[in-house]
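Let me begin by presenting the structure, written as structure tokens, before commenting on it.
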Amino acid sequence: MVFKRPESLPLGSTWRRFSVCNTNLVIRDLTEDLREPAVQLLVKYFTAHEPPCKYIEINKHPTALAELEKLWRRTIDDQLSIVCVKEDDPSDVIGVNVLTVADKNDKEEEFKSEDKIWSKLFGAVDLVTRAVDVFQTFKVDQYLTAYGLVVDPTWRGWGIGKEMLLARCGAF
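Here this note's numbering is used: position 17 in the sequence shown is 27, and no number is missing along the way.
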């Protein structure tokens, strides 16, 4: 069963408001108008700075990079992902968190890929995910999970990532 966003939660909801350096910021749903800026922020900074991506130098492997971008785009289609933007300029994406819901009734699919680099990266994520049965451990049928959180480097060090994580607590 693929999780569907409840109709009672209108897309475009704001989940958190806070201020950094005299700038009012909001964390809100990633809407279609912010899709490309959000994906480009992930491609530019997540792939360069997230430790496993950096270690395997995913940016030097176009096929693996394309697979990761495809995963993000498919997940964003779930309409659960969030962005951090300036309240007075919501077109400027400062941070992105690509979110989805895992359901214990989801069809188990073995991870397979012809691309060795993508296999190394996502295969490791898949292995770690399967190492613990989250549903059994926490006695839940569903849980919110993520395929990446990134904050633009010019905004790092101000707790924006933490605020994005806290916003998830109030969502869904």
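Note that beta-carbon positions come from the ideal geometry of N, C-alpha and C, so glycine has one too. Here the structure is a predicted model, which means the values were calculated and not measured.
- In this structure, L159 lies near V106, with their beta-carbon atoms less than 9 Å apart.
- Contact check for V144 against A112 passes: the beta carbons are separated by less than 9 Å.
- Between the region 94-101 and the region 149-157, the count of Cβ pairs shorter than 8 Å is below three; the stretches do not touch.
- Selection H59, K70 and D88 evaluated against E17 yields D88 as nearest (Cα-Cα).
- Distance from the CA of W165 to the CA of I104, rounded to the nearest whole angstrom, comes to 7 Å.
- For Y65, the enclosing alpha helix (DSSP H) covers residues P61 to I66.
- Counting only residues of its own chain and dropping the five nearest sequence neighbours on each side, R27 has a CB closer than 6 Å to the CB of V36.
- Annotation: K64 to R15 spans about 33 Å, alpha carbon to alpha carbon.
- When only Cα atoms are considered, T33 and N115 end up about 43 Å apart.
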